[in-house]
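Down below is the structure, laid out as structure tokens.
There are 2 protein chains.
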Amino acid sequence: MNVDQALELLKDQGYKYTGKREEMIRVIAKEKRYMSAKEILDYMKPDYPNISFDTIYRNLSLFTELHILEETEFNNERKYRFSCAHKDHHHHLICLRCGKTKHLKLCPLDGLLGNPDDFTITDHKFEIYGYCQQCE
Amino acid sequence: MNVDQALELLKDQGYKYTGKREEMIRVIAKEKRYMSAKEILDYMKPDYPNISFDTIYRNLSLFTELHILEETEFNNERKYRFSCAHKDHHHHLICLRCGKTKHLKLCPLDGLLGNPDDFTITDHKFEIYGYCQQCE
DNA sequence: CTCTTTGCAAAACATTTGCATGCCT
DNA sequence: AGGCATGCAAATGTTTTGCAAAGAG
Chain A
256 MNVDQALELL KDQGYKYTGK REEMIRVIAK EKRYMSAKEI LDYMKPDYPN ISFDTIYRNL
316 SLFTELHILE ETEFNNERKY RFSCAHKDHH HHLICLRCGK TKHLKLCPLD GLLGNPDDFT
376 ITDHKFEIYG YCQQCE
Chain B
256 MNVDQALELL KDQGYKYTGK REEMIRVIAK EKRYMSAKEI LDYMKPDYPN ISFDTIYRNL
316 SLFTELHILE ETEFNNERKY RFSCAHKDHH HHLICLRCGK TKHLKLCPLD GLLGNPDDFT
376 ITDHKFEIYG YCQQCE
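Protein sequences appear in the order of chains A and B. For this note's numbering, count along the first sequence from 1 and bump the result up by 255. For this note's numbering, count along the second sequence from 1 and bump the result up by 255.
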């Protein structure tokens, strides 16, 4: 999904266009990495000095609901991190320092032969952590 | 590792034996599932009415450091479980409601052909979430 | 006796909510 | 105009820290 499609989706679902929403999506799309709410806020402060955490959080969860963003946690931080969603199911290598991501086509669930009979699978997480070249 | 080995390890490392530490380890070992700090606290309240979150958290992070416990997060909460006897590298199916786990031999990293050259892998996480028979 | 562990209280921190005002459509 | 979006302030919930008292070796 690109920025324009995301904005289109918002509009289609009856949500309003605001400059803040657009900038939030643009920043996260441009960075191509998992960002914390605080990082996103700091990015927007220059353009919107009064912007508050509420707006960031409210929009982050809206975007996540609409599958515009993906959410994860790592580094034991009680912090959500967000990045742009893609259509295809995929997983990530994630840099523990800067949050940068690399895509991974491999999905380990493909190696499983359907549901175990005593457990209903609803979701899964496969992430590889480490350090990218710049952060090494 | 079993409970006695865990207590032994504590002693060997110069940490003191206390009834609270023992009960914490016993409870988590007995439950065989991921528990939150609050769940552990509630379990111990009857025996130690004055026990506080500080003690729980301080001991949880000590135990995790010593690899007596494993740590993960889901449902937006950090959870801990007793690190079981399995020496082998493994992953889990985890019940999102009760935290119960099932072992999984499959490790997706085995399907990867070594390190990508621009990313140093240090760690990974593969967890399957869903609901166990009782919680369904 | 000495050093660790604990409880208490309060701080730190990320996140959420109520309410009144402001802005998109 | 009408309803969603936002800022402010305050609440929530989890985890952490400083300090003095209690407990283990």
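Don't be surprised by glycine CBs; every beta carbon is placed ideally from N, CA and C. Since the model is a prediction, treat every value here as computed from it, not as a measurement.
Can at least three beta-carbon pairs, one atom from the stretch 367 to 379 of chain A and one from the stretch 370 to 385 of chain B, be found at a separation below 8 angstroms?
-> yes
Can a CB atom of chain B be found closer than 8 angstroms to the CB of CYS353 (chain A)?
-> One-based indexing of the first sequence puts residue 353 (chain A) at position 98. For CYS353 (chain A), the answer is no, since every Cβ of chain B falls outside 8 angstroms of its Cβ.
Residues of the stretch 370 to 391 of chain A whose Cβ lies closer than 8 angstroms to any Cβ of chain B, in chain order = PRO371, ASP373, PHE374, THR375, ILE376, THR377, ASP378, HIS379, LYS380, PHE381, GLU382, ILE383, TYR384, GLY385, TYR386, CYS387, GLN388 and GLU391
Same chain, Cβ closer than 7 angstroms to ARG219 (chain B), neighbours up to 5 away in sequence not counted | Beyond the ends of chain B as shown, which are 256 and 391, falls residue 219 (chain B); an answer cannot be given.
Would you please verify whether the beta carbon of PRO301 (chain B) is less than 8 angstroms from any beta carbon of chain A?
-> If you number the second sequence from 1, residue 301 (chain B) lands on position 46. No, its Cβ sits nowhere closer than 8 angstroms to a Cβ of chain A.
For LEU348 (chain B), decide whether its Cβ has a neighbour in chain A, counting only Cβ atoms nearer than 8 angstroms.
-> One-based indexing of the second sequence puts residue 348 (chain B) at position 93. Yes, LEU348 (chain B) lies at the interface with chain A (some Cβ there is under 8 angstroms from its Cβ).
Out of A:ASN331, A:CYS362, A:GLN268 and A:ARG281, point me to the one whose CA is closest to CYS339 (chain A)'s CA.
-> As a working mapping, residue 339 (chain A) is identified with position 84 in the first sequence. The option with the nearest alpha carbon to CYS339 (chain A) is A:ARG281.
Same chain, Cβ closer than 7 angstroms to MET290 (chain B), neighbours up to 5 away in sequence not counted | Counting from one through the second sequence, the residue named residue 290 (chain B) turns up at place 35. Correct list, in chain order: ILE283, LYS334, TYR335, ARG336 and GLY354.
Mind checking who GLU278 (chain A) pairs with in its DSSP beta bridge?
-> Reading the first sequence from its first residue, position 23 is the one you call residue 278 (chain A). Beta-bridge pairing links GLU278 (chain A) to no other residue.
Candidates A:HIS341, A:GLU332 and A:PHE374, of which the one nearest LYS243 (chain A) by Cα = Look at the range of chain A in this structure, 256 to 391, and you will see that residue 243 (chain A) is not part of it.
Taking Cβ positions, are LEU264 (chain A) and TYR272 (chain A) nearer each other than 8 angstroms?
-> To locate residue 264 (chain A), count along the first sequence from 1; it is residue 9. To locate residue 272 (chain A), count along the first sequence from 1; it is residue 17. No.
Per-residue contacts from GLU320 (chain A) into chain B (C-beta, under 7 angstroms) = Here residue 320 (chain A) corresponds to residue number 65 of the first sequence, with the count starting at 1. Within chain B, no residue comes near GLU320 (chain A); the closest Cβ sits about 15 angstroms away, beyond 7 angstroms.
Below 7 angstroms CB to CB, which residues in the same chain sit around LYS357 (chain A) once its five sequence neighbours on both sides are set aside?
-> Residue numbering aside, residue 357 (chain A) sits at position 102 when the first sequence is read from its first letter. Correct list, in chain order: HIS347 and LEU348.
Interface residues of chain A around LEU361 (chain B) at Cβ under 9 angstroms?
-> Locating residue 361 (chain B) in the second sequence gives position 106, where the first residue counts as 1. By Cβ distance, chain A contributes PRO363, GLY366 and LEU367.
9 angstroms Cβ cut-off: residues of chain B touching LYS357 (chain A) = Here residue 357 (chain A) refers to the residue found at position 102 when the first sequence is read from its first residue. Chain B residues near LYS357 (chain A): PRO371, ASP373 and PHE374.
Three-state secondary structure assigned by DSSP to MET290 (chain A) | Residue mapping note: residue 290 (chain A) aligns to position 35 of the first sequence, counting from 1. The answer is strand: DSSP assigns MET290 (chain A) an E or B state.
Taking PHE318 (chain A) as part of the alpha helix (DSSP H), name the residues at either end of that continuous run.
-> In the first sequence, the residue the question calls residue 318 (chain A) occupies position 63. First-last of the alpha helix (DSSP H) with PHE318 (chain A): 308 to 320.
What do you reckon, are the CB atoms on LEU364 (chain A) and HIS379 (chain A) nearer than 8 angstroms?
-> Within the first sequence, numbered from 1, the residue matching residue 364 (chain A) stands at position 109. Within the first sequence, numbered from 1, the residue matching residue 379 (chain A) stands at position 124. It is a contact, given that the beta carbons lie within the stated cut-off.
Would a check of beta-carbon distances place GLU277 (chain A) closer than 8 angstroms to chain B?
-> Position 22 of the first sequence, counted from the start, is the residue given in the question as residue 277 (chain A). Judged by the 8 angstroms Cβ criterion, GLU277 (chain A) is not in contact with chain B.
Of all Cβ atoms in chain B, is any one closer than 8 angstroms to the Cβ of GLU263 (chain A)?
-> Indexing the first sequence from 1 puts residue 263 (chain A) at position 8. By this cut-off, GLU263 (chain A) is not an interface position.
Which chain B residues are close to GLU328 (chain A), counting only those with a beta carbon under 7 angstroms from its beta carbon?
-> Position 73 of the first sequence, counted from the start, is the residue given in the question as residue 328 (chain A). Within chain B, the residues near GLU328 (chain A) are GLU328.
What are the boundary residues of the beta strand (DSSP E) that includes GLU382 (chain B)?
-> The residue you call residue 382 (chain B) lines up with position 127 of the second sequence. Counting along the chain, the beta strand (DSSP E) containing GLU382 (chain B) begins and ends at 374 to 387.
Return the first residue and the last residue of the beta strand (DSSP E) that GLU326 (chain A) is part of.
-> Your numbering for residue 326 (chain A) matches position 71 in the first sequence. GLU326 (chain A) -> beta strand (DSSP E) spans 324 to 327.
With respect to the beta strand (DSSP E) encompassing GLU391 (chain A), which residues constitute its N-terminal and C-terminal limits?
-> Against the first sequence, residue 391 (chain A) aligns to sequence position 136. Careful: GLU391 (chain A) lies outside any beta strand (DSSP E) and carries neither H nor E.
How long is the line joining the alpha carbons of SER307 (chain A) and SER316 (chain B), rounded to whole angstroms?
-> Numbered from 1 along the first sequence, position 52 holds the residue referred to as residue 307 (chain A). Numbered from 1 along the second sequence, position 61 holds the residue referred to as residue 316 (chain B). Taking the straight line from one Cα to the other gives about 33 angstroms.
Around the Cβ of ASN314 (chain A), are there at least 16 other Cβ atoms within 10 angstroms (buried) or fewer (exposed)?
-> In the first sequence, counting from the first residue as 1, residue 314 (chain A) sits at position 59. Per the 10 Å Cβ criterion, buried.
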